[in-house]
Amino acid sequence: MEALFYVFSFIAIFSALMVVTMRNPLTSALYLVLCFFALAGFYVILDMQFLAAMQILVYAGAIMVLVVLVIMLLNISRIKNIKSDLHQKIIGVLISLILFAEIVLYIINGAQKRPSGIFTHALIKRIGNTQVIGEFLFTGYILPFEIASILLFVAIIGAYLFAKKKF
Amino acid sequence: MDLKILITWLIPLFPLAGWFLWGIFGKYFKGLSGYIASGFVAASFILSVILFFIVAYSHGFTDTLYPWVYAGIFKAGVSADIDRLSVIMLVMVTGISTLVHVYSIGYMKGDKGFSRYFSFLNLFVFSMIMLVISNNLLLLYVFWEAVGFCSYILIGFWYERKSASDAGKKAFIVNRIGDFGFAVGIFLLFVTTKTLNYETVFAAIPSVPAYTTTIIALLLFAGAVGKSAQFPLYIWLPDAMEGPTPVSALIHAATMVTAGVYMIARFHVIFSYSPAASEVVLIIGTFTAFFAAFIALTQFDIKRIIAYSTISQLGYMFMAVGIGSYTAGIFHLISHAVFKGLLFLTAGSVMHGLSGELDLRKMGGLYSKMKTTAVTFIVGGLALSGIPPFSGFFSKDAVLADIYNKGFYFAWIIGEITALMTAFYIFRLIFLAFFGEPKPDQNKHAHESPQIMTIPMIILAVFAVIIGFLGIPPFNDSLFYNFLHTDFKNAYNFAPFVNNTPWYILSLISVFAGLLGIYAAYLLYIKKAFDPERIKSIFKPVYVLSYNKVYIDEIYNFLIVKPLLVFFDFLWKVIDVKVIDGAVNGIALAFAGFSAKARRIQNGMLMSYILTLSIGAAALLLYYFIR
Amino acid sequence: MDFFIKYLLSILIFFPVVSIFLLLPVNKKNEGILRNFSTFLSLVEFIFSLYLFIYFKQNTYKFQFVEKFNWIPSFGASYFLGIDGVSLFLILLTTLLTFISLLSSYRYIKEHVKEFVILMLLLETFMIGTFAALDVLLFYLFWEFMLIPMYFIIGMWGTGKRIYSAVKFVLYTLSGSLIMLFGLIYIFIMHYDQTGDFTFNILRLYNTHISNGFQLILFIALFLGFAIKIPLFPFHTWLPDAHTEAPTAGSVILAGVLLKFGVYGFFRFAIPLLPSAAFALSPFVIILGVIGILYGAFVSIVQKDLKRLVAFSSVSHMGFIMLGLFAMSAISVDGSILQLLNHGITTGALFLFVGMLYERMHTRQIKDFGGIAKKAPILTTFFMISVLASVGLPGLNGFIGEFLILIGSFHSYPVLTIIATSGIIFAAVYLLWMFQRVMFQDITNPAAESFEDMNLREIITILPLVALMFLIGFYPMPFLERIDPTVLHFLSMINHHHKAVYNAIKLKAGLSNA
Amino acid sequence: MDNYLIVASMIFCIGALGVIIRKNLIVIFMSLELMFNAANLGFVAASNRLNLISGDIFVIFVIVVAAAEAAIALGIAIAFYREKGTVDIDMANELKN
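Protein sequence lines correspond, in order, to chains A, B, C and D. When we follow our numbering, the leftmost residue of the first sequence carries the number 60, and every step to the right adds one. When we follow our numbering, the leftmost residue of the second sequence carries the number 648, and every step to the right adds one. When we follow our numbering, the leftmost residue of the third sequence carries the number 547, and every step to the right adds one. When we follow our numbering, the leftmost residue of the fourth sequence carries the number 13, and every step to the right adds one.
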């Protein structure tokens, strides 16, 4: 398990870096897909197979296809020529490093919290993670769930309106 | 309602009605308005005479028409106080007004403001009547200012002329300066006595501390100085001659300007309980009498000469009331009203004949052209010079004799010198205008005025002769004295008689002074014994000083008006716009500047927003971390 | 009829709103109908308000025409209306001036007539509401609402730098009133803490006991709100701008009614709520007032713009009113309240005349006028009466108010009163000088040759104001006898409160001799 | 568990870096997705550690929001491209007056 974790971390971080640094957005998109797969791997390690499946289906399957489609739709040669400023790069790296350092320091210094829930690995394994999530989703979180559906609906209309030729 | 009360309120009602009628419907009446207005005032005059006899044979009374201002403990009604003093004033005011109204019909004929003129003249008569009969200080103050307003509007009657409207404005503002003192005096009086009613005020005055009384009296006198054109606020009166001449006769000679004297006589209790204030009245009166006569010596504008003469004669009246001889002051007031009104009307007649000419240097030999005018003018001049048996002799000598016998010798000497100068300047005017060679260019079309103007002049001339006999036997035993003296019984006798020089000795001196003045004028201007130009050059500095009216207007202008205007401009352009508004706008600008800076952050570049966002996140985490 | 009288105040407040709904269906282009109909409706409103005068019981200080309904119980706010002798006349003034300003703008307002009349009627609602409200929250609501129509009236129909002026006016007064709101709410909370009575009812708030130190702070908070509205001397700079750029009707309402709210606020709120502070600070307020009197007069003298001159003269007149109010003697407060009306009448009339001159000559510069008297005798006559009323000529309204103020203040503040009295000299200087340059002398501007005299509509506009000038000048008793009981009650109330606080302090310090 | 969080934070910071330094609208969008996913990873790891299930539920909602966001953002990108002819974010300066 440990080894798998490090493998996935390496893939995830590497592909994330590639997403950010590649000039061609299409390449970035493909690395992003790779990154999503790595994350899905993490979820599997963490006993959340359902989430892993969702990750791949929704992200890698739906969203990334959409992105790639859009990139194709646009004129790729002109998009490639968009350059970043040097000072912005320096500031960006600096800020990110500071942010990272802070978060890490925060994580390390943060007090360890005792497990408070009842859903241990064993329990989840026994019931099955899909069922657990499903039960919660359709009982306690029914209202957010419904709202999420409205959100999606709104997003569809919004996307349609934006993509229309004339407002 | 009692008959006498009805009469009392009818007297002011007539002119008030006249004001409304001519003011609103003037254009429907056309020339008729003059006759009806005169009729109204004549009705007032007749009622005044009736009231005079009622009071003379019974006693005075007070009556309240309606409560006017009641607020807290402050109470003032529209109420009248009829006593001998007020009926005498009433008869004088309405009488002269009637004559001036009649005269004006001729004088103002054809003027496009004919009915406007009579409207305001009626308003003036109304205000003056109310001023005379009011029985509290608030009402007095109201009509005190109201007559000032009428004076303002009538001086500026020919408003197209800048000089006329300037003069009107000047009169109003200078009067206001005096009224400022008057108002403060009323405040102080109210605060000390808690009332403004004459009777209660007078009852309270003896128990008021002397210095308070003095302050009150001086403040009230400030009002009189403004209204009665005494030094240093006399400057408006000469300019007021821009108005129509009958207005000068009525307002600026006979009635309004004497309101100050009347006021002091009315408040004799206050003034007599404050010898210091009375002394100030005497000093101002004496100085003004001399000063104005001095200026009058060298002027060439006939109306201005008479105006300065009025100031000078008012000085005499203030001398009289300043030494506590209230009856003498009022007597001189009445006789002066008659002969000075006469002089103005005749001067107006001269102007009328010469189509508005006022300059003495362009006149001469008018006697042959306008005999009535000349004769009546000479009667007025003799009365002014104090030659017996004309009225001025009796009244002025009553004043001067009292001054001498009460021991104010210096004032008496000044008074006699002034009498000499008075005789000189008025006869200089007479000789230059009516005698000597006619000036060819001007006198061609000189003509006598119509009868409607000459008849009032003749009536006034007759009165100028006979009214003096009320002062027989001269001095403190005359008819007039005995009639009026009862009103002043409450006065405190602060200046007792110290001499008992008989009247004829003092009168002889005055008459001599008057004759000397006339003779000097005769020598200079008829006999031409001396060349006036030579005398001019001998006394050059004095002459220049007198000719330029001692530069008082210029001094005021330079010392007060100009600096104040500069200061006000500074106040507006620097203090208001820059400092105060600047502070307000400065605060606003500070906010605007801050938000302009703040807006730089919002430069519309999404990248910088994101950058800021991340910096914020980093900082937030850092904060949690170091906390 | 009973119903009408009982709910008269509400009817007065909401009648203009109803009028707006009556006006809404009228087509925008039918300007004639809009103008006539709105003027007619405001006249009806004025006639309604006369019933207040008729049914007002004059020998009592108690609030009359009281209406009280729950409004927001959770805030302790109620719809609580009522008038006393002071607000009676202010409401009458409001309805009269609204009618007059609608009548006066037939010629001035050429565009957006519908919007204009609607805003004016809306403004009327808010103004009457402010005067009638006896609930602090209701009062504040109306108070702030007033700014909105006024902002648009200045901003839309003004001249020159109208947007600047409108924004300045709104921001200035708004910032003041926010501080004031803070003070009022603080008093409300203190009252709740003390009595447990959760109410915005001003009559009950009067009973709040506030320590002297707090009173000072709260008084300054309220002072800022009201003093800016008046405007008192250093806070006056919005006024000339707003007045100068506003259309005639706006100026009339601004000078005639809006400025009154500051004084009314002091009378109704600041002084009775915080009597000790009012007593302690009255010398300072009076000094500011007296500075305002002279300062306004001085600055008026050198003004070149007619409207600006009248605006600065307002500063001067409002100084008199503050002097009288804070001298706190029965005579002077009577005078102050009367002078409030006088100022509304007189300055309103002056602005109307300036508007008429502007309509004819399209300039407000004094130097462009001259010799108008020859062409327009009627206008000259009425203008002169108004000018003289403003000068304070006896026999007209301004004199009675000023005289009462000065004679009442003299006892407590002799020196300041004397200084204030000298203001009457300068009033004569600036107004008469202006009048001379505008109306008298010879015609210099060729445009004046075709100057038309007042027409019938304008005469009707002016006539009520001139009639009131004479009425108050010659017979002020109908006004004074209604104001007087209210003022006496006001004074006894603040003296009582002041003494109560004072005694409490003495008691604490062990100085009580009882 | 810390390791997961550190990896998550690392991905998050890389995403942030991408958002800051890149000017291509599409890449920025993808970087945002990276940040979303980093957060998801954090949720799942924490939920796993604390024996809770709410974190996992949240991930589902985040995915939903991400999907909605993707639809809108790409719509904006297309509209923007149509307007400006590019997807350079520096061209999006209409907010500047």
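A virtual CB, placed ideally from N, CA and C, is assigned to each residue, including glycine.
Query	Result
Answer yes or no: does any C-beta atom of chain B fall closer than 7 Å to that of C/A857?	no
Would you identify the three-state DSSP class for B/N1195, choosing helix, strand or coil?	coil
Select from the segment 980-1008 of chain C all residues with a C-beta closer than 8 Å to any C-beta belonging to chain B, and list them in chain order.	Q982, M985, F986, Q987, D988
Would the beta-carbon of C/A876 fall within 7 Å of that of C/S862?	no
Quickly, what does DSSP pair C/G947 with across the bridge? List them, please.	The partner list for C/G947 (beta bridge, DSSP) is empty, contrary to what the question assumes.
Please confirm if D/M103 has its CB atom under 7 Å from at least one CB of chain A.	no
Are the CB atoms of C/L840 and C/S846 nearer to each other than 7 Å?	no
Comparing the C-beta of A/Q190 with each C-beta of chain D, is any distance below 7 Å?	no
Are B/G1115 and B/G1011 close, meaning C-beta to C-beta below 7 Å?	no
Per DSSP, what kind of secondary structure is B/I1064 in: helix, strand or coil?	helix
What does DSSP give as the partner residues of C/A623 in its beta bridges?	C/I618
Quick check: the Cα distance between A/Q171 and A/I104, rounded to an integer number of angstroms?	21 Å
Can you tell me whether C/T990 is helix, strand or coil according to DSSP?	coil
Using the Cβ count rule (16 or more neighbours within 10 Å means buried), how would you classify C/H889?	buried
Could you tell me which whole alpha helix (DSSP H) segments of length 4 or greater appear in the segment 675-748 of chain B?	679-704
In the segment 202-223 of chain A, which residues sit with their C-beta less than 7 Å from some C-beta in chain D, listed in chain order?	P203, A207, L210, L211, A214, I215, G217, A218, F221, A222
For the putative contact between C/V682 and C/I748, defined by C-beta atoms under 8 Å, what is the C-beta separation to the nearest angstrom?	6 Å
With 9 Å as the limit, tell me which residues of the segment 709-725 of chain B have their beta carbon closer than that to any beta carbon of chain C; keep them in chain order.	Y713, P714, W715, V716, Y717, A718, G719, I720, F721, V725
Could you pull out every residue in the same chain whose Cβ sits closer than 6 Å to the Cβ of B/F941, ignoring the five residues on either side in sequence?	S1193
Please tell me whether A/M77 has its Cβ less than 7 Å away from any Cβ of chain D.	no
Give me the residue from C/A935, C/L804, C/K921 with the minimum Cα distance to C/L1014.	C/A935
For the alpha helix (DSSP H) that D/R94 lies in, which residues bound it at each end?	66-96
Would you kindly work out how many angstroms separate the C-alpha atoms of C/P1031 and C/R814, rounded to a whole number?	15 Å
Is it true that the segment 598-618 of chain C meets the segment 582-589 of chain C, where meeting means three or more beta-carbon pairs spaced less than 8 Å apart?	no
Please name the residues in the segment 19-34 of chain D whose beta-carbon is closer than 7 Å to at least one beta-carbon of chain B, in chain order.	A28, V31, I32
So which residues on chain D does A/L63 lean against when the C-beta distance must stay under 7 Å?	Result: empty, since nearest Cβ-Cβ is about 12 Å, beyond 7 Å.
Is there a C-beta anywhere in chain D that falls below 7 Å from the one on A/T12?	Here chain A comprises residues numbered 60 to 226, so residue 12 of chain A is not present and cannot be evaluated.
CB-CB under 7 Å to C/L717, same chain, minus the five flanking residues each way: which ones, in chain order?	none
How big is the Cα-Cα spacing for C/I776 and C/A712?	17 Å
Residues of chain D with CB closer than 9 Å to the CB of A/V66, please, in chain order.	Under the 9 Å cutoff, chain D gives no residues; its nearest Cβ is about 12 Å from A/V66.
Express the C-alpha separation of C/I557 and C/R750 in angstroms, rounding to a whole number.	25 Å
I want to verify the contact list: residues of chain F whose CB lies under 8 Å from the CB of B/L1258, in sequence order.	Among the protein chains of the structure shown, namely A, B, C and D, there is no chain F.
I need the DSSP call for C/S936, collapsed to helix, strand or coil.	helix
With DSSP run on the structure shown, which of helix, strand or coil describes B/A1138?	coil
Comparing C-alpha positions only, which one of C/Y654, C/F560, C/D999, C/P1010 sits nearest to C/F688?	C/F560
What are the boundary residues of the alpha helix (DSSP H) that includes A/H180?	180-186
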